[in-house]
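In the working numbering, the protein residues as written are 5 to 676.
Right, dumping it as structure tokens:
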């Protein structure tokens with residue numbers, strides 16, 4: 005009880021209130037040590053009621069709680085009774101003189117429904133019967149209670165309707181033995197209701213109805229019903245005593261006949277042992293079957309989880325395959341468009357090259373005619389220009405310088421072409437290695453294919469830009485040689501640039517991720533335009549200078565022929581490289597087809613795996629059904645064995661009873 009008092013003080017301190025000394029003192033008294041807390045005629049605060057309500061649930065160290073004449077408020081009563089609902093130790097509760105009304109009646113009804121330990125409840129001098137609806141809650145709790153044995157409801161202003169509610173509750177209550185209803189307003193109707201309930205209630209032994217204006221005949225009838233219940237209880241007790249006496253006589257008879265039935269008992273023991281063994285064996289078998297069934301259930305659960313995981317993985321893989329298929333289709337369409345564009349560009353380049361060759365041949369023929377005319381003029385002028393040999397010598401030196409410069413430029417152009425070829429070959433090798441790596445990555449992880457395809461598109465675009473730059477450089481070299489061809493090439497390049505810008509704008513709408521590469525390509529184009537403008541200015545100067553030299557020298561024809569041959573060879577090389585690029589693009593298309601076939605093969609494998617999983621699940625379900633059938637058969641065998649054992653036991657009992665009745669002792673006892 006000291007711990008109870010400490011907990012009470014702690015809860016009061018936590019609530020911000022001082023603990024009441026009366027409660028602490030009563031907890032320290034000997035009655036408190038014996039499990040009785042007597043707080044009668046003490047004024048308890050709401051904080052004390054709340055603290056006691058928190059301490060009472062469970063196995064509190066109290067067996068009796070006296071709270072009579074404490075002047076408890078409705079809220080305090082509710083808190084105390086809420087704590088007692090789950091109490092398992094309090095058997096005696098005294099709440100007399102607390103003016104309990106509506107909230108108290110509802111709380112008491114809840115207490116009677118939930119509490120399983122209170123045997124005696126004192127509610128004298130309260131007002132539970134003033135409000136009929138709330139008193140009906142109390143009666144419902146009493147009807148559901150099967151533990152309470154004594155109930156004191158004296159001076160509670162209970163009228164005939166409250167008595168009718170009590171009568172309905174008593175018809176179903178099977179534990180109440182004493183009920184005190186003195187000094188209420190039950191009247192004639194209430195008395196009749198209580199009298200009618202006693203026909204079905206056989207446990208109530210004492211009912212006090214004095215001071216209720218109940219007629220004497222009803223009181224006498226109630227007393228007779230109670231006497232009938234008491235007589236019934238006495239008869240039941242006598243019958244129980246006789247049963248005990250007869251059981252003792254049967255035991256004595258059994259002791260006397262033990263020697264005669266030793267063999268029979270031995271056989272019975274053997275049969276019992278055999279039955280116990282069979283039961284143990286059957287129990288062991290049942291346990292084994294249960295374990296096997298549990299294992300099968302666990303296996304089925306694991307298989308179900310695996311199937312769910314595989315289905316989720318399959319769904320994810322199908323989604324990824326679908327996304328990759330869409331990406332591949334988009335890439336194929338873009339590559340087809342790019343290939344068609346490249347093919348159209350190649351055809352245009354071929355057409356332009358053919359036109360350019362025709363024009364150059366026409367220019368060459370015109371130049372050759374002019375050269376013939378110039379030769380005639382030179383022959384005529386040689387006679388006249390012997391005096392100007394010194395000037396010619398200087399002009400020759402200038403010509404040699406210009407030819408040297410032209411040769412140097414040609415060598416630089418060749419070196420640039422070689423560098424571009426090496427770079428193109430290196431890029432092709434890089435593309436091939438990247439393609440192999442991309443195929444490996446595609447087989448290892450599906451998601452890396454998107455990045456690799458974007459990288460491949462960017463690199464192809466860079467190669468295309470480099471090819472365009474090479475073509476522009478070749479055009480620049482051709483422009484430096486001939487002015488008219490330069491103008492035509494400038495027009496073609498301007499048209500090509502316009503078409504390239506349109507194509508780039510179209511690609512910008514589809515591929516937003518290539519904006520950076522497009523900006524770089526535009527910057528490179530601007531730089532190339534500036535270089536081309538500078539080269540055009542230089543070319544114009546050179547053409548003017550070359551026109552003056554053409555009139556004087558025939559050696560330029562040979563240089564022009566050699567340059568023309570080199571140009572044709574370069575154009576052929578460019579055509580071969582473009583054809584190789586087209587072949588590489590076709591090879592990449594074939595590789596993409598192979599990847600598509602691999603994706604289809606993976607889909608087939610996934611379908612095969614899902615079908616295998618489904619077949620395995622069906623097999624497991626068949627095995628489970630077989631095990632369940634076996635378990636049912638075993639249970640049928642067990643029930644059959646039990647029925648046989650019960651029949652044997654009944655036969656043995658009948659035989660024993662027949663033997664006992666047939667013996668002299670049995671006839672003697674029956675006569676008595």
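Just so it is clear, CB atoms sit at the ideal spot from N, CA and C, and this is done for glycine as well.
Check your understanding: Can you tell me whether residue 52 is buried or exposed, with buried defined as 16 or more other CB within 10 angstroms of its CB?
Key -> Here residue 52 refers to the residue found at position 48 of the chain shown. With at least 16 other beta carbons inside 10 angstroms of its own, residue 52 counts as buried.
Exercise for review: Please classify residue 47: does DSSP put it in a helix, a strand, or coil?
Suggested key: Counted from its first residue, the chain shown places residue 47 at position 43. Assignment of residue 47 by DSSP, reduced to helix, strand and coil, places it in the coil class.
Point to revise | Where residue 316 falls, given that 16 or more other Cβ within 10 Å makes a residue buried | key: By 1-based counting over the chain shown, the position of residue 316 is 312. Residue 316 comes out exposed.
Review point. Taking Cβ positions, are residue 59 and residue 136 nearer each other than 7 Å?
Key: Taking the first residue of the chain shown as position 1, residue 59 is located at position 55. Taking the first residue of the chain shown as position 1, residue 136 is located at position 132. For residue 59 and residue 136, no; Cβs fall outside 7 Å.
**Study point:** Coil, strand or helix - residue 124 by DSSP
**Key:** Locating residue 124 in the chain shown gives position 120, counting from the first residue. Reduced to three states, the DSSP call for residue 124 is strand.
Review point. Assuming residue 181 and residue 153 make a contact with CB atoms under 8 Å, what is their CB distance in whole Å?
Key: As a position in the chain shown, residue 181 is number 177, starting the count at 1. As a position in the chain shown, residue 153 is number 149, starting the count at 1. Residue 181 to residue 153, Cβ: 5 Å. Contact.
**Study point:** Bridge partners - residue 70, DSSP secondary structure assignment
**Key:** By 1-based counting over the chain shown, the position of residue 70 is 66. Per DSSP, 42, 98.
Exercise for review: Let me know if residue 365 comes out buried or exposed under the rule of 16 or more other beta-carbons within 10 Å of its beta-carbon.
Suggested key: As a working note, residue 365 is residue 361 in the chain shown. Here residue 365 is exposed: its Cβ has fewer than 16 other Cβ atoms, across all protein chains shown, within 10 Å.
Practice item. Take residue 434 as the anchor and find which of 405, 464, 408 has the nearest alpha-carbon. Key: Locating residue 434 in the chain shown gives position 430, counting from the first residue. Answer by Cα proximity: 464.
Practice item. Would you mind working out which of 664, 492, 352, 164 sits nearest residue 216, comparing C-alpha positions? Key: Residue numbering aside, residue 216 sits at position 212 when the chain shown is read from its first letter. It is 164.
Exercise for review: Take every Cβ of the region 606–622, pair it with every Cβ of the region 249–267, and state whether three or more of those distances are shorter than 8 Å.
Suggested key: Cβ pair count under 8 Å is below three, so no.
Exercise for review: Spatial neighbours of residue 134 within its chain, please: CB distance less than 7 Å, with the 5 preceding and 5 following residues excluded, ordered by chain position.
Suggested key: For the purposes of this step, residue 134 is taken as residue 130 along the chain shown, with counting starting at 1. Here the set comprises 105, 161.
Point to revise | Of the listed residues 157, 226, 190, 439, nearest to residue 201 (C-alpha basis) | key: Your numbering for residue 201 matches position 197 in the chain shown. Among 157, 226, 190, 439, the Cα nearest to that of residue 201 is on 226.
**Study point:** CB of residue 156 within 7 Å of CB of residue 126, strictly
**Key:** Sequence index remark: in the chain shown, residue 156 carries index 152 (1-based). Sequence index remark: in the chain shown, residue 126 carries index 122 (1-based). Contact flag set, yes.
Point to revise | Whole runs of the alpha helix (DSSP H) within the region 271–316, excluding any shorter than 4 residues | key: Fully contained in the region 271–316 is no alpha helix (DSSP H) run of length 4 or more.
**Study point:** Stretch-stretch touch, CB-based, cutoff 8 Å, three pairs: the region 621–637 with the region 300–320
**Key:** yes
Check your understanding: At which residue ranges does the region 117–187 contain complete beta strand (DSSP E) runs of 3 or more residues, listed in the order of the chain?
Key -> 124–126, 154–156, 182–184
Check your understanding: Ends of the alpha helix (DSSP H) at residue 237?
Key -> Working through the chain shown from its first residue, we reach residue 237 at position 233. Looking at the DSSP string, the run of the alpha helix (DSSP H) that includes residue 237 is 220–260.
Practice item. Measure the Cβ-Cβ separation of residue 234 and residue 209 and say whether it is below 7 Å. Key: Within the chain shown, the letter at position 230 stands for residue 234. Within the chain shown, the letter at position 205 stands for residue 209. Going by C-beta atoms, residue 234 is nearer than 7 Å to residue 209.
**Study point:** Of the residues 324, 102, 312, 32, the one placed nearest residue 607, counting alpha carbons only
**Key:** On the chain shown, residue 607 is found 603 positions in, with the first residue counted as 1. That would be 324, whose Cα lies nearest to the Cα of residue 607.
**Study point:** Nearest to residue 84 (by Cα), restricted to the options 638, 101, 65, 108
**Key:** The residue labelled residue 84 in the question sits at position 80 within the chain shown. It is 108.
Review point. Would you call the CB atoms of residue 72 and residue 113 closer than 7 Å?
Key: Indexing the chain shown from 1 puts residue 72 at position 68. Indexing the chain shown from 1 puts residue 113 at position 109. No, the Cβ-Cβ distance between residue 72 and residue 113 is not below 7 Å.
Check your understanding: Would DSSP call residue 33 helix, strand or coil?
Key -> Translated into positions along the chain shown, residue 33 becomes position 29. If DSSP states are grouped into helix, strand and coil, residue 33 belongs with coil.
**Study point:** Assumed close pair residue 62, residue 31 - CB separation to whole angstroms, cut-off 8 Å
**Key:** Here residue 62 refers to the residue found at position 58 when the chain shown is read from its first residue. Here residue 31 refers to the residue found at position 27 when the chain shown is read from its first residue. Beta-carbon to beta-carbon, residue 62 and residue 31 are separated by about 17 Å, too far to satisfy the 8 Å threshold.
Point to revise | Residues bridged to residue 210 (per DSSP) | key: Residue mapping note: residue 210 aligns to position 206 of the chain shown, counting from 1. 182.
Practice item. Specify the secondary structure class of residue 20 as computed by DSSP and reduced to three states. Key: Residue mapping note: residue 20 aligns to position 16 of the chain shown, counting from 1. Coil, per DSSP.
Point to revise | Inter-residue Cα distance where the pair is residue 222 and residue 196 | key: By 1-based counting over the chain shown, the position of residue 222 is 218. By 1-based counting over the chain shown, the position of residue 196 is 192. Cα-Cα distance, rounded: 7 Å.
Point to revise | Whole-Å CB distance - residue 218 paired with residue 183, under 8 Å assumed | key: Locating residue 218 in the chain shown gives position 214, counting from the first residue. Locating residue 183 in the chain shown gives position 179, counting from the first residue. Between residue 183 and residue 218 the Cβ distance is about 14 Å, and since that is not below 8 Å, they are no contact.
**Study point:** Distance, residue 595 Cα to residue 403 Cα
**Key:** Reading the chain shown from its first residue, position 399 is the one you call residue 403. Reading the chain shown from its first residue, position 591 is the one you call residue 595. Cα to Cα, residue 403 sits roughly 56 Å from residue 595.
**Study point:** 7 Å CB neighbourhood of residue 103 in its chain, flanking five on each side removed
**Key:** Working through the chain shown from its first residue, we reach residue 103 at position 99. Excluding residues within five positions, the ones whose Cβ falls inside 7 Å are 130, 131.
Check your understanding: How many angstroms separate the CA atom of residue 672 from the CA atom of residue 653?
Key -> In the chain shown, the residue the question calls residue 672 occupies position 668. In the chain shown, the residue the question calls residue 653 occupies position 649. Here residue 672 scores only 44 on pLDDT, less than 50, and its place in the model is too uncertain to base an answer on.
Review point. So is residue 356 in contact with chain D if we call contact Cβ pairs under 7 Å?
Key: This model lacks chain D altogether; it includes just one protein chain.
Point to revise | Beta-carbon contacts of residue 275 that lie in its chain and below 8 Å, excluding the five residues immediately before and after | key: Taking the chain shown and counting its residues from 1, one reaches residue 275 at position 271. 652.
Practice item. Pull up the DSSP beta-bridge partners for residue 62, would you. Key: Reading the chain shown from its first residue, position 58 is the one you call residue 62. For residue 62, which the question treats as bridged, DSSP gives the partners 91.
Review point. With distances taken between CB atoms, is the gap from residue 179 to residue 159 smaller than 7 Å?
Key: To locate residue 179, count along the chain shown from 1; it is residue 175. To locate residue 159, count along the chain shown from 1; it is residue 155. Contact flag unset, no.
**Study point:** Contact check, residue 41 vs residue 66, beta carbons under 7 Å
**Key:** Position 37 of the chain shown holds residue 41. Position 62 of the chain shown holds residue 66. Their beta carbons are under 7 Å apart, which means residue 41 touches residue 66 by this criterion.
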